[in-house]
């Protein structure tokens, strides 16, 4: 590639933007590493082993269940003649729109001792006390793993399904000519070829599990995320919380490096693969079993929780609830719109810088600016306060020195902290979408304006940005939806008397009053459906 422009201002601003987005993480890591040895030793002797054990066990169970749900459903949909496969193909994506903490509360309410399921069982069989029968306890670590797997398996389903659908069928036919059956060809050829995609999807599920806060907090499962929250806000020990956040960051970094290493040996298939496939013919009973498996995931991962929310909204909605919903909804829209706009502008600047500038290391700012997506929201909130808090004190000291009134916590105690955290967290989503759009622009359109003497501004405004409009809209919408759903960072960084839909619903869940926020929960789910609809439409066009 021949770079076209050599703007020093553009180069400097790109590196500054990337640095600003990574500084909070670096500050938090330095603070955690520099925590006293005595403090860390105390944590290790008391609670840290338990937190680590629970975190790793939860992560293992979630990834295992998500792999079972996602890989099996993707294989059934792409490799067989399953009935209703056209409908199930996109229905299996719907659980991704359902926040795990909502599913956790709804199923706890449904299956708990005082819930309708156990009440009905006691009425039917005449049981009088818990000692008369056994019923599984959903508020446990395995229960939390199941709740998370139900809403996270679509990551694995989506990427694995795409890998299966893009495989060169000539390889499958060659294996059949060598004497393998259809099922043997799947397990010995198709599944190994999809392994890189499965590894990437599993790493996404693992990072989402490590980042989860509300589900494990509601289920009283002590993990590193809940430990950070409790140590910081419950015990007021910022140093210990920083140390725990550093441990969690190291775990996340290990996952990212392992995922990149798993892709290092990826061998690309033919540039023009043969996609015409021969489906494995299932018997009627096999189709029924496969359909039950897939429909169970759709029902328990999305349809049943949504139905329960709708029932709650109909039964408990009132004027006061609508007024509260309007207020918090406006707050959510405000921060989400700003965060999405800033993230997309940054992605455009860094993406086009990588494409058009002559800097030898022009890809570096874009790469490091997206690292925040791997950071759990709880850790990111710690990073923001560790960075912005000292800056606020520094600004107040300067104001007092100059004889002005101290401005207060204008960075760490305002919406700036939340928006900054959301931009750091979701810049990777905007970056990926914008880069995908930029790659669709022919190289000739880069050279044509420069050859005609058009400057950088003219090239961007008249050529690149108009072509990138669809990618810009998709990137903006994806970041907007993720910002609407974000809970841990918003919960920890919000100013006094400021609530969003996600933080308000979490507070109601904590008080066992989700019924009062059912309308807001439905609104979050509907927003979560937007990128799934977009994704499904884009896949149908391919």
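Residue numbers (my numbering): 1 to 542.
Every residue, glycine too, gets a C-beta built ideally from N, C-alpha and C.
Predicted model only: the values in this text are computed from it and were never measured.
Item: According to DSSP, is residue 280 helix, strand or coil?; Value: strand
Item: Tell me the rounded alpha-carbon separation between residue 527 and residue 334.; Value: 15 Å
Item: Which residues in the same chain have their Cβ closer than 7 Å to the Cβ of residue 135, if we skip the five residues on either side of it in sequence?; Value: 118
Item: Going by DSSP in three states, residue 270 sits in which element: helix, strand or coil?; Value: Caution is warranted here: a pLDDT of 46 is assigned to residue 270, below 50, making its placement in the model unreliable, and no coordinate value can be reported.
Item: Alpha carbon to alpha carbon, what distance is there between residue 111 and residue 464?; Value: 54 Å
Item: Return the chain-ordered list of same chain residues with a C-beta closer than 7 Å to the C-beta of residue 80, the five sequence neighbours on each side being excluded.; Value: 279, 280, 282, 290
Item: Between residue 514 and the rest of its own chain, which residues show a CB-CB distance below 6 Å, the 5 nearest in sequence each way excluded?; Value: 105, 508
Item: Let's see if you can read the secondary structure: which residues bound the alpha helix (DSSP H) around residue 79?; Value: 48-79
Item: Looking only at its own chain, which residues have a Cβ that is under 7 Å from the Cβ of residue 499, when we skip the five neighbours before and after it?; Value: 328, 331
Item: Quick one: Cα of residue 396 to Cα of residue 412, how far?; Value: 13 Å
Item: Find the nearest neighbour of residue 249 within the set 42, 217, 94, 371, judged by alpha-carbon distance.; Value: 371
Item: Looking only at its chain, what residues have a beta carbon closer than 8 Å to the beta carbon of residue 400, apart from the 5 residues adjacent to it on each side?; Value: 406
Item: Less than 9 Å separating the beta-carbons of residue 440 and residue 471?; Value: yes
Item: Taking C-alpha atoms, which residue in 94, 511, 363 lies nearest to residue 300?; Value: 94
Item: Relative to the C-alpha of residue 520, which candidate in 313, 468, 534, 101 has its C-alpha closest?; Value: 313
Item: Which of the three DSSP states is assigned to residue 208 in this structure?; Value: helix
Item: Quick one: is residue 16 buried, meaning 16 or more other Cβ sit within 10 Å of its Cβ, or exposed?; Value: exposed
Item: Excluding the 5 residues flanking residue 115 on each side, which residues of the same chain have their C-beta closer than 7 Å to its C-beta?; Value: 109
Item: Please report the distance separating the alpha-carbon of residue 317 from that of residue 517.; Value: 9 Å
Item: According to the neighbour-count rule (16 or more other Cβ atoms, all chains shown, within 10 Å of its Cβ), is residue 461 buried or exposed?; Value: exposed
Item: Give every residue of the same chain whose Cβ lies closer than 8 Å to the Cβ of residue 285, excluding the five residues on either side of it in the sequence, and list them in chain order.; Value: none
Item: For residue 437, I'd like the list of residues in its chain whose CB is within less than 6 Å of its CB, leaving aside the five on either flank, ordered along the chain.; Value: 468, 471
Item: Let me know the secondary structure DSSP gives residue 242 once reduced to three states.; Value: helix
Item: Which same chain residues, not among the five before or five after residue 13, have their C-beta less than 8 Å away from its C-beta?; Value: 349
Item: Taking the alpha carbon of residue 529 as the point to measure from, which residue in 123, 46, 154, 216 has its own alpha carbon closest?; Value: 154
Item: Going by the CB atoms, is the gap between residue 210 and residue 252 shorter than 9 Å?; Value: yes
Item: Using CA atoms only, rank isn't needed, just tell me which of 23, 207, 120, 490 is closest to residue 501.; Value: 490
Item: At what residues does the alpha helix (DSSP H) containing residue 482 begin and finish?; Value: 465-485
Item: Out of 205, 382, 374, 368, which has the shortest C-alpha to C-alpha gap to residue 64?; Value: 205
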